[in-house]
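Peer 1: Before I ask anything, let me first share the structure, which is written out below as structure tokens.
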Amino acid sequence: MAEHTSSSITIEATPAEVMAVIADFDHYAEWTGEVKQAEVLEKDEQGRAAKVRLVLDAGAIKDDHTLGYTWPSDHEVSWSLVKSQMLRQLDGSYTLKPLAGGAQTEVTYQLTVDVKIPMLGMIKRKAEKVIIDRALSGLKARVESLTAS
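Mapping to our numbering: the sequence shown position 98 is 1572, numbers consecutive.
What follows is the structure in structure tokens.
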């Protein structure tokens, strides 16, 4: 069974401002180091992405895959793998927690990756950690640059 990796960061913005950036797939390539291309294939009844095709280059993990997204609340989004060339599993989530009366947001990113090719667990965990750390720092920089202007 695959293990998951998670990490958190505090962003100087409201949860709504953070979620707006997370939900803006058209601009993912600008701030997520690993995502080179993102295309929304389907939307849910609220107009949010339900199925997204992503071209990923995370060093040891390169793939063109499709993820299914669910939006359980205004403070959470999760995804799971629909199809992939090299991944067996890619499940993740962003959970947002308001801090400082809502002026800040703690973002927790959880990720589980399993590849079809044999790869040491240690290397998979390192790849997950790199993906998470880059995504969180990129998200923070993107949100704070947008809210500062």
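All C-beta atoms in this analysis are idealised placements derived from N, C-alpha and C, irrespective of residue type, glycine included. Just so you know, these numbers come straight off a predicted model, no measurement behind them.
Is the stretch 1521-1540 touching the stretch 1574-1585 in the sense that three or more CB pairs, one from each, lie closer than 8 Å?
Peer 2: Flag = no, the stretch 1574-1585 and the stretch 1521-1540 do not touch.
Peer 1: Can you find the residues in the same chain that come closer than 6 Å, C-beta to C-beta, to L1573, ignoring five residues on each side of it along the sequence?
Peer 2: As a position in the sequence shown, residue 1573 is number 99, starting the count at 1. Only E1580 meet the Cβ criterion.
Peer 1: By DSSP, does H1539 sit in helix, in strand, or in coil?
Peer 2: Taking the sequence shown and counting its residues from 1, the one referred to as residue 1539 is at position 65. Strand, per DSSP.
Peer 1: On the DSSP letters alone, give me the boundaries of the alpha helix (DSSP H) that A1490 sits inside.
Peer 2: Taking the first residue of the sequence shown as position 1, residue 1490 is located at position 16. Looking at the DSSP string, the run of the alpha helix (DSSP H) that includes A1490 is 1489-1496.
Peer 1: Taking the straight line between their C-alpha atoms, what separation do you get for T1621 and T1540?
Peer 2: If you number the sequence shown from 1, residue 1621 lands on position 147. If you number the sequence shown from 1, residue 1540 lands on position 66. Distance between the alpha carbons of T1621 and T1540 is about 30 Å.
Peer 1: Whole angstroms is fine: what's the gap from K1557's alpha carbon to V1587's?
Peer 2: Translated into positions along the sequence shown, residue 1557 becomes position 83. Translated into positions along the sequence shown, residue 1587 becomes position 113. Roughly 13 Å between the two C-alpha positions.
Peer 1: Would the beta-carbon of L1555 fall within 9 Å of that of L1561?
Peer 2: Residue 1555 sits at position 81 when you count from the first residue of the sequence shown. Residue 1561 sits at position 87 when you count from the first residue of the sequence shown. Against a cut-off of 9 Å, the Cβ pair of L1561 and L1555 comes out as a contact.
Peer 1: DSSP state of A1512, grouped into three classes?
Peer 2: Walking along the sequence shown from the start, residue 1512 turns up at place 38. In the structure shown, A1512 sits in a strand (DSSP, three-state: E or B).
Peer 1: Quick check on A1532: does DSSP put it in helix, strand or coil?
Peer 2: In the sequence shown, counting from the first residue as 1, residue 1532 sits at position 58. Correct three-state label for A1532: strand.
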